[in-house]
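246 is the number that our numbering gives the last residue of the sequence shown; the numbers go up by one with no jumps.
All C-beta atoms, glycine included, are put in the ideal place defined by N, C-alpha and C.
Here the structure comes first, spelled out in structure tokens, and everything after it is commentary.
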Amino acid sequence: MDLVPITETALTMPYTGTSLETVTKEISWLLGKLEDNSKLTLKLIFETGKRLAAAKEMLDHGQFLPWLQQNFTLSERTAQRYIKVYETYKDMPLELIETKTIKDAYIEAGIKKLLPVEATESATTPDLPRPVSEKDQLVWLFRQPTRSGASLKKHRVQAVNGQVYIYRKDTGMAAPALDLYLPKPAGLPEQAWQKALDTYVIATELYLETIEDFEARGIIAGEAV
């Protein structure tokens, strides 16, 4: 499909699609722009976080917040988020950052909780309503059956964009199961890719089932994972 760029002038004018084919092409072009801008925004967040971290190191204890109030137009919370993104990815290849969305980066930096995304048919209980709040989302997630059939009381496991996360019920936070990113091999069919990720999820669930069992019997201390 040949995509036709939309001019800035056209974006400010009342819209009248000339044909379904034109509308389809314009939507594809706009989605491509959204993806490009999202990746650029994440890079800018990373670079801003790098410089905020540098400024924090240069300032004496207790001086960072006053400095932020004078020199950073966004909130302190936003500054801390940018720093967390930088600290999460600073030792990783730049190419890895380019594969992430802002949401992915915030989850991996521990800024956002990993929430249930569109579930596959085999992982969704039909009579459960979709969650409407963070608390409901946590309850919803732990009502979903595990992929492996393992009886997990404290954890759930999800694959998100090539990385497998362990979701903790006690904290509501997620962490990568392993420091491992699994990019989709070029040419691999989507169904085969999802099956491969499911295998990773299932193995992680079975591991956690063993951990929870030994914790429950008092053989190992809790909070092992």
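Quiz item: With burial defined as no fewer than 16 other Cβ atoms inside 10 Å of the residue's Cβ, what is the status of L63: buried or exposed?
Solution: buried
Exercise. Quick one: give me the first and last residue of the beta strand (DSSP E) that Q179 is part of.
Key: H176 to V181
Quiz item: In whole angstroms, what separates the C-alpha of L65 from that of P206?
Solution: L65 and P206 have their alpha carbons spaced roughly 28 Å apart.
Quiz item: Within this structure, are the beta carbons of Y110 and I118 separated by less than 8 Å?
Solution: yes
Quiz item: So, is Q184 buried or exposed, given that buried needs 16 or more other C-beta atoms within 10 angstroms?
Solution: buried
Self-check item: Same chain, Cβ closer than 8 Å to K77, neighbours up to 5 away in sequence not counted
Solution: F85 and I104
Exercise. Under 8 Å by Cβ, that's how I've got S169 and L227 pegged, so tell me the actual separation to the nearest angstrom.
Key: Contact annotation, S169 with L227: C-beta distance approximately 6 Å; criterion of less than 8 Å satisfied.
Practice problem: Alpha carbon to alpha carbon, how far is L61 from T120? Give it in angstroms, no decimals. | Solution: 11 Å
Quiz item: Span of the alpha helix (DSSP H) holding P35?
Solution: Taken as a continuous stretch (DSSP letters only), P35 belongs to no alpha helix (DSSP H), as it is neither H nor E.
Self-check item: Close-in-space but distant-in-sequence residues of the same chain around T167 (CB under 6 Å, 5 per side omitted)
Solution: L173 and E226
Practice problem: Kindly list the residues whose CB is nearer than 7 Å to the CB of L89, restricted to its own chain and excluding five residues on each side of it in sequence; keep chain order. | Solution: For L89, same chain residues with a beta-carbon under 7 Å away, outside a window of 5 residues either side, are E97 and A100 in chain order.
Quiz item: For V160 versus V222, is the C-beta spacing smaller than 8 Å?
Solution: no
Practice problem: Compare the beta carbon distance of E129 and P197 with 8 Å and say whether it is the shorter of the two. | Solution: yes
Self-check item: Nearest-angstrom Cα separation, counted from K175 out to E230
Solution: 9 Å
Quiz item: Do the CB positions of L218 and A242 come within less than 8 Å of each other?
Solution: no
Quiz item: When burial is assigned at 16 or more other CB atoms within 10 Å of the CB, is I187 buried or exposed?
Solution: buried
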